[in-house]
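Written out below as structure tokens is the structure these notes cover.
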Amino acid sequence: MTIKRFFYVLLVSLSLTACSNMPGFTGTGIDNTQVRSGYGTVESVEVVDRNNPGILGAIGGAVVGGLIGNQIGSGSGNTAATIAGAAGGAIAGREVERRVRSDDLFKIYVRMDDGTYQAIAQESSPILRPGDRVRVENGVVTPIS
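The numbering used here puts the first residue of the sequence shown at 36, with every later residue one more than the last.
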């Protein structure tokens with residue numbers, strides 16, 4: 036009976052977690068397939084937040100929190116502790132994952148030598164400044180000397 040109750044509480048916690056704030060989540064968020072190769076000048080570099088929802092951390096946290104909460108009390112107090120543990124674990128796990136995983140994506144805007152503009156996304160922090168001459172090849176921006 037206790038295991039059945041635990042899985043019910045886990046299901047409710049995961050359902051509530053799935054309804055959490057998830058706008059704009061696009062996985063890695065990087066799609067440089069339309070970027071053409073060539074030379075140009077950096078116009079600007081901006082940091083974009085990917086809004087990592089932290090779903091895996093929430094699921095793991097709900098399971099651990101529910102298991103810990105299930106060890107407390109008996110009867111209806113045990114049910115309340117299990118629910119509170121699963122909910123608290125889901126929130127804590129979500130925040131831990133969001134802080135551990137990098138949420139930043141860097142967008143580099145380049146004015147190509149032919150007059151067109153391109154936006155290239157990358158996960159690592161660029162060592163570029165506006166005005167730097169760059170080479171764009173296979174969706175990667177490389178400074179040139």
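For every residue, glycine included, the Cβ atom is placed at its ideal position computed from N, Cα and C.
Given the structure is predicted, the values throughout are model-derived calculations rather than measurements.
**Study point:** CB of residue 187 within 8 angstroms of CB of residue 169, strictly
**Key:** This structure gives no information on residue 187, because the portion of the chain shown stretches from 36 to 180.
Review point. Using DSSP with H/G/I as helix, E/B as strand and the rest coil, what is residue 91?
Key: For this step, residue 91 is matched to residue 56 along the sequence shown. Looking at residue 91 - three-state DSSP - the assignment turns out to be helix.
Practice item. May I have the straight-line CA-CA distance separating residue 122 from residue 174, to the nearest angstrom? Key: Working through the sequence shown from its first residue, we reach residue 122 at position 87. Working through the sequence shown from its first residue, we reach residue 174 at position 139. Distance between the alpha carbons of residue 122 and residue 174: 42 angstroms.
Check your understanding: Given residue 124, which residues of its chain have a CB within under 6 angstroms of its CB, disregarding the five upstream and five downstream residues?
Key -> As a first step, residue 124 is located in the sequence shown; it is residue number 89 there, counting from the start. Excluding sequence neighbours, residue 124 sits near 96, 97, 99, 100.
Check your understanding: Cβ of residue 176 within 8 angstroms of Cβ of residue 161?
Key -> Here residue 176 is taken as the residue at index 141 of the sequence shown, counted from 1. Here residue 161 is taken as the residue at index 126 of the sequence shown, counted from 1. Against a cut-off of 8 angstroms, the Cβ pair of residue 161 and residue 176 comes out as a contact.
Check your understanding: What number of angstroms, rounded off, separates the C-alpha of residue 72 from the C-alpha of residue 157?
Key -> Taking the first residue of the sequence shown as position 1, residue 72 is located at position 37. Taking the first residue of the sequence shown as position 1, residue 157 is located at position 122. For residue 72 and residue 157, the distance between alpha carbons rounds to 15 angstroms.
Point to revise | N-terminal and C-terminal residue of the beta strand (DSSP E) that residue 163 is part of | key: Your numbering for residue 163 matches position 128 in the sequence shown. Note, residue 163: premise wrong, no beta strand (DSSP E); not H, not E.
Check your understanding: Based on the DSSP output, what are the partners of residue 76 in its beta bridges?
Key -> One-based indexing of the sequence shown puts residue 76 at position 41. DSSP output for residue 76 lists 146, 168 as bridge partner(s).
Exercise for review: Return the Cβ separation of residue 70 and residue 140 in integer angstroms, given the expectation that the two are a contact with Cβ distance under 8 angstroms.
Suggested key: Position 35 of the sequence shown, counted from the first residue, corresponds to residue 70. Position 105 of the sequence shown, counted from the first residue, corresponds to residue 140. The Cβ separation is near 15 angstroms, so there is no contact.
Check your understanding: Would residue 92 pass as a contact of residue 128 if the rule is Cβ separation under 8 angstroms?
Key -> The residue given as residue 92 occupies position 57 in the sequence shown. The residue given as residue 128 occupies position 93 in the sequence shown. It is a contact, given that the beta carbons lie within the stated cut-off.
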